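Student: Sequential numbering from 0 applies to the sequence shown in numbering that gives the first Met the number 0.
Positions of the beta carbon are idealized from the N, C-alpha and C atoms, including for glycine.
Predicted model only: the values in this text are computed from it and were never measured.
First the structure, which I've put down as structure tokens, then a few questions once you've had a look.
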Amino acid sequence: MSVLRGWGTLTATPPDTPKTGCWWRSVDRRILLAVAAILGASLFLPDGRQFWFDYFVAPIVADAIGPTGTAGARYNIYNTAAYGVLFYLGFIGVERKLRELDIVVDGRFLLAATPLVLLGGAARALEDAGLFAPPVQYLFISPIIYLLLGAVAFLLLWGGATLRDSTLPSLPAGLALVALAIGGYGAWWLFAPPGWVHPAVWALVVLAVTAAVAEFRSSRPLHNPVELFGLGSGLALLLVLLQLAQFDAPHGEVLFEVPLLALGLTLAVAGAAWLKAERGVPHPGFMLCTLFLGWLALTADGGHAFWLVLAAFGCLGAALRFPLRKLRALQVVQRPEYLGLYFAHFLDGSATWLGIDRYGYVEKHVLPSGAIDYFGTAAVMLPLKFAVVSAVIWALEAEHEEIDHHTRYLLLLFLMTLGLAPGTRDILRLALGT
0 MSVLRGWGTL TATPPDTPKT GCWWRSVDRR ILLAVAAILG ASLFLPDGRQ
50 FWFDYFVAPI VADAIGPTGT AGARYNIYNT AAYGVLFYLG FIGVERKLRE
100 LDIVVDGRFL LAATPLVLLG GAARALEDAG LFAPPVQYLF ISPIIYLLLG
150 AVAFLLLWGG ATLRDSTLPS LPAGLALVAL AIGGYGAWWL FAPPGWVHPA
200 VWALVVLAVT AAVAEFRSSR PLHNPVELFG LGSGLALLLV LLQLAQFDAP
250 HGEVLFEVPL LALGLTLAVA GAAWLKAERG VPHPGFMLCT LFLGWLALTA
300 DGGHAFWLVL AAFGCLGAAL RFPLRKLRAL QVVQRPEYLG LYFAHFLDGS
350 ATWLGIDRYG YVEKHVLPSG AIDYFGTAAV MLPLKFAVVS AVIWALEAEH
400 EEIDHHTRYL LLLFLMTLGL APGTRDILRL ALGT
């Protein structure tokens with residue numbers, strides 16, 4: 000039960016920073032001026048426009064319709080660095096805007112935002128399946144899709160905050176939202192390419208969800224922006240999944256293999272953290288003995304292998320029975336938000352591993368592709384993901400007195416998105432064979 004602690008421990012903390020004006024005023028203006036100067040100067044260089052096309056525009060176009068000239072769909076060092084700066088600026092802007100709306104970012108907010116993150120990966124899979132054509136197609140390619148998701152999140156949260164502060168009765172407000180969900184999709188369906196879910200089916204789904212919410216949550220989502228945010232994101236995710244369900248899945252086994260592998264690795268991390276925190280670190284001498292005997296068992300014949308395996312288990316039991324000191328600091332790893340971060344990135348790492356080593360896909364990002372090329376297998380992504388997430392958790396805990404709960408949870412959401420969204424897209428793409 001200790002693993003379930005955490006969602007409620009920090010949820011009552013209100014934002015402790017006063018409201019600010021426009022979000023850009025909170026950003027270091029030197030950064031904005033530097034970025035603007037670089038962008039402006041590059042346009043007047045002899046090859047400036049060609050540079051932006053080759054390293055920023057062409058990869059997006061190539062990801063949508065195929066290679067353009069010498070440009071492929073891979074990332075490069077230039078757009079990777081630029082997207083990192085945009086990530087930082089976007090994080091600051093979102094943080095300040097949420098404070099202005101008086102929205103608490105906590106464990107409940109992470110849960111409410113999870114459908115939106117999954118929606119990003121699922122919508123990207125729709126583009127992989129060829130359901131969109133340019134220029135709409137470009138909206139569903141990174142990094143533009145992150146801007147699109149940010150706009151959707153802002154509209155939902157702003158609408159929820161507006162309803163929370165208004166005096167509009169719950170019934171007309173709820174009926175207006177239902178009409179918007181059904182009518183908005185109906186308007187899209189009139190101009191969408193063939194193959195989309197019929198509006199009548201979508202109307203039945205929306206009405207069924209509305210009835211369930213009215214029965215179990217009454218009008219609370221209309222007065223809670225976070226709950227309305229999660230509900231709206233969940234409905235959009237449901238629509239995309241209904242659309243994806245119409246496609247054949249020649250490799251449908253990955254829909255189970257990758258999440259189970261990620262879950263198993265996450266549980267292993269949680270179990271190891273609990274063991275070291277509550278029972279102590281297994282004795283390294285006996286652990287080395289276990290590894291040595293296990294290696295001998297793999298090289299020995301059948302008769303001797305049995306006794307070597309038995310001896311290895313004996314050494315393992317001794318390592319657990321006579322541990323070293325307890326590492327109480329590892330108790331924080333068992334918090335749900337940290338385990339969720341591990342799961343998100345193990346999901347991405349597992350999908351990358353199977354996609355490259357089993358199905359022949361190619362890694363697009365600069366640093367992971369370098370590691371995969373060096374080690375000769377995409378399985379290296381799993382220990383790399385573990386190391387990076389562990390370092391992030393250590394940094395957050397080391398600075399826990401400097402970072403308030405609002406900023407901490409929002410940073411966790413951004414970092415979780417970087418694993419869960421591409422991992423979801425990769426799983427669906429592998430399953431559909433696109």
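Please state if the CB of residue 338 and the CB of residue 271 are separated by a distance shorter than 8 Å.
Tutor: No.
Student: At which residue ranges does the region 277-329 contain complete beta strand (DSSP E) runs of 3 or more residues, listed in the order of the chain?
Tutor: List check, beta strand (DSSP E) in window: nothing returned.
Student: Ends of the alpha helix (DSSP H) at residue 112?
Tutor: Segment 106-127, the alpha helix (DSSP H) holding residue 112.
Student: Answer yes or no: the CB of residue 54 versus the heavy atoms of the ligand PLP, is any distance below 7 Å?
Tutor: The model on display carries no ligand, and the ligand PLP is accordingly not part of it.
Student: Have a look at residue 5 and residue 297 and give me their C-alpha separation to the nearest angstrom.
Tutor: Low confidence applies here, because residue 5 scores a pLDDT of 38, under 50, leaving its location unreliable; read the following figure in that light. Going from the Cα of residue 5 to the Cα of residue 297 covers about 42 Å.
Student: What number of angstroms, rounded off, separates the C-alpha of residue 336 from the C-alpha of residue 48?
Tutor: Whole-angstrom Cα-Cα distance: 43 Å.
Student: Could you give the DSSP three-state label for residue 163: helix, strand or coil?
Tutor: In the structure shown, residue 163 sits in a helix (DSSP, three-state: H, G or I).
Student: From the DSSP output, in three-state form, read off residue 87 for me.
Tutor: Three-state result, residue 87: helix.
Student: Three-state secondary structure (DSSP) at residue 182?
Tutor: Helix at residue 182.
Student: Short of 8 Å in beta carbon distance, which residues of its chain neighbour residue 81, apart from the five on each side in sequence? Order them along the chain.
Tutor: Cβ neighbours of residue 81 beyond the five flanking positions: 55.
Student: In terms of residues, what are the limits of the alpha helix (DSSP H) holding residue 62?
Tutor: From DSSP, the alpha helix (DSSP H) with residue 62 extends over 57-64.
Student: How far does the alpha helix (DSSP H) with residue 202 in it extend, from its first residue to its last?
Tutor: Looking at the DSSP string, the run of the alpha helix (DSSP H) that includes residue 202 is 198-215.
Student: With respect to the alpha helix (DSSP H) encompassing residue 422, which residues constitute its N-terminal and C-terminal limits?
Tutor: Taken as a continuous stretch (DSSP letters only), the alpha helix (DSSP H) holding residue 422 covers 404-431.
Student: Where in the region 342-406 do unbroken runs of the alpha helix (DSSP H), each at least 4 residues long, occur, reported from the N-terminal end onward?
Tutor: The region 342-406 contains these whole alpha helix (DSSP H) runs: 365-374 and 380-397.
Student: Between the Cα of residue 346 and those of 264, 368, 398 and 123, spot the shortest distance and give me the residue it belongs to.
Tutor: Minimum Cα distance to residue 346 is reached at 264.
Student: For residue 201, does the count of other Cβ atoms within 10 angstroms reach 16, so buried, or fall short, so exposed?
Tutor: When all chains shown are included, residue 201 counts as buried.
Student: Would you check if there are 3 or more beta carbon pairs closer than 8 Å linking the region 127-145 to the region 250-259?
Tutor: The answer is no - the region 250-259 does not touch the region 127-145, with fewer than three Cβ pairs under 8 Å.
Student: Helix, strand or coil for residue 101, going by three-state DSSP, please let me know.
Tutor: DSSP places residue 101 in coil when its eight states are reduced to three.
Student: With distances taken Cα to Cα, identify the nearest neighbour of residue 73 among 116, 432, 362 and 374.
Tutor: Closest option to residue 73, Cα to Cα, is 362.
Student: Taking DSSP as the reference, what is the three-state secondary structure of residue 252?
Tutor: If DSSP states are grouped into helix, strand and coil, residue 252 belongs with coil.
Student: Please classify residue 79: is it buried, with 16 or more other beta-carbons within 10 angstroms of its beta-carbon, or exposed?
Tutor: It is exposed - the Cβ of residue 79 has fewer than 16 other Cβ atoms within 10 Å.
Student: Going by other Cβ atoms of all chains shown within 10 Å of its Cβ, with 16 needed for buried, is residue 193 buried or exposed?
Tutor: Exposed is the call here.
Student: Give me the residue from 282, 333 and 351 with the minimum Cα distance to residue 322.
Tutor: Considering only alpha carbons, the answer is 282.
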